[in-house]
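To start, the structure itself, in structure tokens.
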Amino acid sequence: MTNPARRRYVTYACALGASALTAAWPTETRAHAPPAMRRASRWPLYRQFLERFVQADGRVIDYSTPSLQSTSEGQSYGMVFALVADDRDAFDRLWRWSVAHLGDGRLDDKLPAWQWGRRDDGTWGVLDRNPAADADLWFAFALAEAARLWQAPSYAGAARALLRRAAEQEVVTLPGFGPMLLPGPQGFIDDGPDGSRRWRLNASYLPVPLLRRLAAFDPSGPWDKLAAQAARLIGAVSHAGIVPDWSAYRAGGRRQGFVRDPVKGDVSSYDAVRVYLWAGMTPQQDSTRPALMQALLPHAARVAGRAAPPEKMYAQSGKVEGTGPPAFSAALLPFLQAAGSPALATQMARAQEIVGAPSGPGAPTYYDTVLGLFGLGFMEGRYRFSASGQLDM
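Heads up: the sequence shown runs through residues -23 to -1, 1 to 370, numbered per mature numbering (1 follows the signal peptide of the UniProt record, and there is no 0).
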């Protein structure tokens, strides 16, 4: 994997505006079928997502990157939003594009590449073939739920194929800790000269509701165990409610246990904000909920009295920097609600800035918009997760 951290915030194309970039797209049109737009009209932010970031062929574009990249994350998130919007046309277009471009035409025998876009020589194609484990699980979740909600068994077969590969290639056993999800099959395990081994981990890749649904769909898989492990991981790496984007686990040599990530350190920002999002959406009756909230609750107090969440926090020192975008406010809404925080109203008002924001320089990015769809969609009652992880809408 050429960029194991796979983070996306390089300011580039957003300053140009979508219209100026049309000529660079490898397809010709962004028009959407009228039925899909009629369904989308019931969810304004979803319509905004389709209009600004999704091509007619189902490609989700992140304009904030020089390569105008599409990722397995964006494709899988888009499919979940299409499910919530009951937009099967968009769902199918997103999945077909993913199979064709991230899977070279088939995903029954492999996991999808995580990154596709414009290469340095001006051609378009896969930029990094290493899969991203969180997107692999979100794809499987979306397909399993599509099979249930739309009574279409063919989606279930695709979900099972992805889960089989993910369990084989992306789940490891950490000595002294147990099963854990790697961020991807390649590039996240290092062997030291003293005989030690280090695994790099990302807590935001383990949404408990998602894992509960996968466990019900694939009972023989490791998904229920991973749900419990997610809470243990967050409890182990968080300090005063701050969860780092990345962490590491070391075994062998002179020390065993969780350590500071060797690449990203202990910063908490664009990745880890999703940890609070997933925790807030975890059903109250889930066995992991008390541990999750106990580990994260100090962050609710940190946000109270602030106009906006910080953009960066540091787990060890507790230092905070910058002002997070309105999308951070949106991502925190379910968590703040679950915590009974007085900050909820302030952050709700700020999150609403994403909806209907004009396009052009300074407009919400792809990632801003998907955080808004998750957080605001949940708060608006557009979806919930049941105890078994099914979408309730």
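From the three backbone atoms N, C-alpha and C, an ideal C-beta is built for every residue, glycine too.
Here the structure is a predicted model, which means the values were calculated and not measured.
Which term fits Ile166, buried or exposed, when burial requires 16 or more other beta carbons within 10 angstroms of its beta carbon? exposed
Assuming Val280 and Ala249 are in contact, meaning their beta carbons sit under 8 Å apart, how far apart are those beta carbons, in whole angstroms? Contact flag wrong, Cβ pair sits at about 14 Å.
Do you know offhand how far Ile331's Cα is from Leu353's? 10 Å
What ranges does the beta strand (DSSP E) occupy inside the segment 164 to 227, keeping only unbroken runs of at least 3 residues that lie completely in it? 166 to 168, 174 to 178
Pro156 and Lys202 look like a contact to me (Cβ under 8 Å); what is the Cβ gap, rounded to whole Å? 5 Å
Since Ser49 and Pro108 are thought to touch, with beta carbons under 8 Å apart, how far apart are those beta carbons, to the nearest angstrom? 7 Å
Taking the CB atoms as reference points, tell me whether Ala308 and Phe355 lie closer together than 8 Å. no
Would DSSP call Thr48 helix, strand or coil? strand
Proximal residues to Gly212 (C-beta, below 7 Å), its chain only, five neighbours per side dropped: Ala268, Ala272
Phe118 versus Gln92: straight-line alpha-carbon distance, rounded: 20 Å
So is Arg189 buried or exposed if we call it buried at 16+ other beta carbons inside 10 Å? buried
Would Ser53 and Ala193 be called neighbours here (beta carbons separated by less than 8 Å)? no
Within 8 Å, do at least three Cβ pairs link the segment 121 to 131 to the segment 175 to 186? no
Contacting residues, own chain, Cβ-Cβ under 7 Å from Asp238 (five flanking each side not counted): Arg177, Pro221, Trp223, Ser224, Ala225
For Phe68, which residues of its own chain have a beta-carbon under 7 Å away from its beta-carbon, when the five flanking residues on both sides are left out? Met56, Ala59, Leu60, Ala123
Where does Ser131 sit, in a helix, a strand or coil, going by DSSP? helix
What residue range is occupied by the uninterrupted alpha helix (DSSP H) comprising Tyr23? 21 to 30
At the level of alpha carbons, what is the spacing between Val244 and Ala217? 13 Å
Would Ala315 be called buried (16 or more neighbouring beta carbons within 10 Å of its own) or exposed? buried
Rounded to whole angstroms, what is the Cα-Cα separation between Pro311 and Met270? 12 Å
Sort Gly80, Leu114, Asp113 by Cα distance to Leu104 and report the nearest one. Gly80
Please list the terminal residues of the continuous alpha helix (DSSP H) segment that includes Tyr344. 343 to 356
Below 8 Å on the Cβ atoms is my guess for Ser41 versus Tyr343; work out the distance and round it to an integer in Å. 7 Å
What is the DSSP secondary structure of Gly257, reduced to helix, strand or coil? helix
For the putative contact between Glu145 and Gly161, defined by C-beta atoms under 8 Å, what is the C-beta separation to the nearest angstrom? Rounded, the Cβ-Cβ distance is 13 Å, inconsistent with contact.
Taking the alpha carbon of Arg29 as the reference point, which residue from Leu348, Ser363, Phe362, Pro341 has its own alpha carbon closest? Pro341
Thinking C-alpha only, which one of Gln367, Val149, Thr346 is nearest Trp20? Thr346
Return the CA-CA distance between Trp101 and Ala334, expressed in angstroms with no decimal places. 30 Å
For Glu298, write down the residues that DSSP places opposite it in a beta bridge. Lys289
Going by beta carbon distance, what residues of the same chain come within less than 7 Å of His78, once the five residues before and after it are set aside? Trp93
Can the beta-carbon of Val214 be found closer than 8 Å to that of Ala180? yes
What's the gap between the Cα of Leu120 and the Cα of Leu114? 10 Å
At which residues does the alpha helix (DSSP H) containing Trp101 begin and terminate? Element bounds for Trp101: not the alpha helix (DSSP H) but the beta strand (DSSP E), 101 to 105.
If we ignore side chains and look at the alpha-carbon of each, how far apart do Arg251 and Asp171 end up? 35 Å
Grouping DSSP H, G and I as helix and E and B as strand, with all else coil, what is Pro338? coil
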